[in-house]
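Below is one structure, written out as structure tokens; the observations come after it.
In the working numbering, the protein residues as written are 57 to 1086.
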């Protein structure tokens, strides 16, 4: 068949464009694939970058897989629960015999495919499919009943690429069981060059068939001629010639020609001739008209071949001479006139099919080929599978609709159904591209035409697929542009990547690892500088976002003593697993780890006025109060101090030589304050109604602090030694203090003592450093809102100013809160380091983002942070970083520290501090009690029934019996001395001589134990003595 006829037939018949219609192909036997020859990766979550094109990122991934001997595999597998996406590599069983893979498939996946996916989709969650799951995926593909593949070339819509996204396919097929398998075999550069040569050959053969030109002509001529001629000839010549020739020659000639000639002509002529000789002897007239039409067509082929050889030798000699003369004379006279007219018509015949193919090659194929030479070309097969025919029909039509272009559809996608036992079906289900062999070696025409159809033939084999550049492949093997069921989509925003690493090893506080666009860089740790901790830190984030883990890491890696104030949780007690000597006090639960804090006890360096101001500020911050109540309380506090022997102006006590010594009770209590306020109100001259209102308001706020566990904690004569606590690792749990206002009050008391204790430690050792972690700081440092009392505003300012000054004493604050917007703005402004976990509220994002130089895009991203991720900014960093905080302790509650463990440590601490008099009566002991004795004494001191029964001994028989029974449990003189001290200090101070009261009380106890007959006499004296006091 001639090339011209082949080309004309090929472009005219659409069925010749598809391999599946070629009857000259012989099927190649499929081979099985081993599990180790497949590696798959599950795309669990994909990041979204608004300005980063995802299609180009996929092209980069595919370009990285231009490796001989493998097939790139893309699988979408859907069921009733959602859709899963897999990328992978399978060994190519049809690779060239001389192909040697540099690495096994598994290593190529781990070292090439996975890093490429993570690098181009930074922050995506991609996991390797385990062997068991991989087998399930392959079995699902092999067992699906209905199968077809799509042959042809997909087209891209450059202006509307987003409408060709795979998410639309998933939406259509959601809830149905189906699989889309795309297998792509990378072509070597030599194979691409072969395709290019075949395309040029096809183009060259097709160009002459695009146009034909035919010419038609008409000629009309009229002529008259006249002439006069006169001649004379004279000839003389001589010739001498000698010739000698010798020659040998060989000639070979081969000619092959094809001609096609078509001629069509019309001719019409008219001639008129008049002649008149000058001699007038002859006259002639002639007139003629000639018309004619000729048409000829010739089509022929000629072929000739000739060959010859000759040899000659000749010699000649000639000599001669001649002369002659010829004279003639003639004369002719005439005239000539002519007139000619001609017309020509050219006809052009166009072969539109050939023209379209040329345009297709110029505008589509060569551009695709050129793009693929740089990015990569893959022979690609699209395989569709389903469990029911209806689903397969829907799937194939959806795929064709999505991936058909708006132009250049010379070889459009067309489905080819396959039975389950078909050899091509088996090959596809084994992630192989089947190939078939021509029964006879394909001609050049066949090779060139198949290349134009994007088909690949090599060594007589044609692969059942079409060659595609990465541009088309990335479109059909793409990832969703929106979130779908089974594949999460989250936005990723870039943060800083450079920070100060010039930190001395002993000053490094390891926070976590740097995160780049969602990808944790495990080899790049992020450190905070311990030297900057005293410039304070703010940590925020919603519940469960990782705040506690972050704070615990800073505490642990700092190596400094710390105090954690935990108002609402018990998450820091887990540090007991890290520190054996951790002290955890359970405020409000006296039966576990009791805490004692007398807010009126101050330090030797401290003035009474300063302490009163802080107590007043704490009360104002905690409670809303009517106009004069803060001033009434302030006046009452001063009078309480005076009652205890204090000179306000000189800060001296007149009753005790050393009021700060252990076992001395020189400070008022909350009960004293509550009783004193009634007297102060009486002095103010209010009317009865206002007097009752003020007294009732004050008692309502303070009375709850004097009873129960709160009373044991706050209504106490001596406080725990805060200066000593600063050298330890301490946690204060306020979870059981349910009232928010009471929590705020207690926090105010704690911070007041903390600051003053830091001043003491700083004077002793100027290099002393300590960390205080303050959870839920808004309870004390809340932002002033319109409508709040001015007293609250002033109290918040007092604490804010105090916290701003503690840096000079070596104190480092870590302020933690879920809601930045609730905090007074000074907290955010005066903290050098900020750690932000996930937050949602826009006002919170603005409040914290503005202090960290975050862009609007970065502020918005704060809602997308994963658990454990944080945005961190500190001194010396040019930009905020995203950090993955690594977990060091279990803060989820799965591991719980029992109360018994906490109690043991705290009681051991109190046991060693028994002389301080924190628990009444213990100061009288001559020797340090063992733990068993101490716990027994604690039981006495915290049981108010002993004192109550003592007071009611002569009033109620039941009290008399209970008191007697309790005294009989006393063993030894030391315990008796303890009970004596407890009764002496049981909420009252006996009047008169201390020693005399002690002697009387001691005799009374002995009489009770011995049932002395003199009890009536003793009774009257002591009862009256006690009654006067009470």
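Note that CB positions come from ideal geometry on N, CA and C, so glycine has one too.
In this text, all values refer to a predicted model and were calculated from it rather than measured experimentally.
Check, Outcome
"Spatially closest choice to residue 543 from 651, 226, 994, by CA coordinates", "226"
"Sheet register partners of residue 523 (DSSP bridge)", "435"
"Through-space distance from residue 65 to residue 317, alpha-carbon basis", "For residue 317, the predicted model reports a pLDDT of 44, less than 50, meaning its position is unreliable; a value from the coordinates is still stated below. Going from the Cα of residue 317 to the Cα of residue 65 covers about 23 Å."
"Inter-stretch contact at 8 Å, needing at least 3 Cβ pairs: the region 919 to 932 / the region 584 to 595", "yes"
"7 Å Cβ cutoff met for residue 529 and residue 240", "yes"
"Contact under 7 Å by Cβ, residue 432 with residue 937", "no"
"Residue span of the alpha helix (DSSP H) that contains residue 224, given as start and end", "222 to 229"
"CB contact flag (residue 434, residue 242, <7 Å)", "yes"
"Close beta carbons around residue 834, own chain, < 8 Å, minus the five adjacent residues each side", "873, 875, 878, 879"
"For residue 127: DSSP bridge partner residues", "146"
"Local conformation of residue 549 per DSSP, three classes", "coil"
"Segments of 4+ residues assigned as alpha helix (DSSP H) that fall wholly inside the region 441 to 507", "445 to 458, 479 to 485"
"Residue range of the unbroken alpha helix (DSSP H) whose run includes residue 728", "726 to 739"
"Alpha-carbon to alpha-carbon, residue 991 and residue 790", "23 Å"
"Cβ separation of residue 569 and residue 920, assumed to be a contact under 8 Å, to the nearest whole Å", "So it is not a contact: roughly 19 Å between Cβ atoms."
"Residue 691 - DSSP class collapsed to helix/strand/coil", "helix"
"Residue 1071 versus residue 692 - alpha carbon distance", "A caution first: residue 1071 carries a pLDDT of 49, below 50, which makes its placement in the model too unreliable to give a value."
"Selection from 522, 994, 181, 195 that minimises the alpha carbon distance to residue 575", "181"
"Selected residue, minimal CA-CA separation from residue 234, among 458, 445, 96", "445"
"Host beta strand (DSSP E) of residue 104 (start-end)", "94 to 104"
"Any 3 or more C-beta pairs closer than 8 Å across the region 854 to 873 and the region 902 to 913", "no"
"Length at least 4, wholly inside the region 868 to 937: the alpha helix (DSSP H) runs in chain order", "881 to 885, 898 to 905, 912 to 917"
"Nearest-angstrom beta carbon gap, residue 870 and residue 610 [assumed within contact, 8 Å]", "6 Å"
"Three-state class that DSSP yields for residue 1066 in the structure shown", "helix"
"Helix, strand or coil at residue 667 according to DSSP, with G and I counted as helix", "helix"
"First and last residue of the uninterrupted alpha helix (DSSP H) at residue 604", "603 to 614"
"Cα-Cα separation, residue 715 to residue 696", "15 Å"
"Stretch-stretch touch, CB-based, cutoff 8 Å, three pairs: the region 415 to 430 with the region 172 to 181", "no"
"DSSP three-state assignment for residue 812, whether helix, strand or coil", "helix"
"Secondary structure of residue 324, DSSP reduced to three states", "Confidence is the limiting factor: at residue 324 the pLDDT is only 46, short of 50, which leaves the residue's position unreliable, though a coordinate-based value still follows. In this structure, residue 324 counts as strand in the three-state DSSP scheme."
"Beta-carbon contacts of residue 409 that lie in its chain and below 7 Å, excluding the five residues immediately before and after", "67, 68"
"Endpoints, the beta strand (DSSP E) within which residue 240 is located", "234 to 242"
"Meets three-Cβ-pair contact criterion under 8 Å: the region 799 to 815 and the region 771 to 788", "yes"
"Residue 891 to residue 579 span [Cα, whole Å]", "21 Å"
"Cβ-Cβ separation, residue 103 to residue 573 (assumed contact under 8 Å), whole Å", "7 Å"
"Candidates 120, 58, 138, of which the one nearest residue 166 by Cα", "120"
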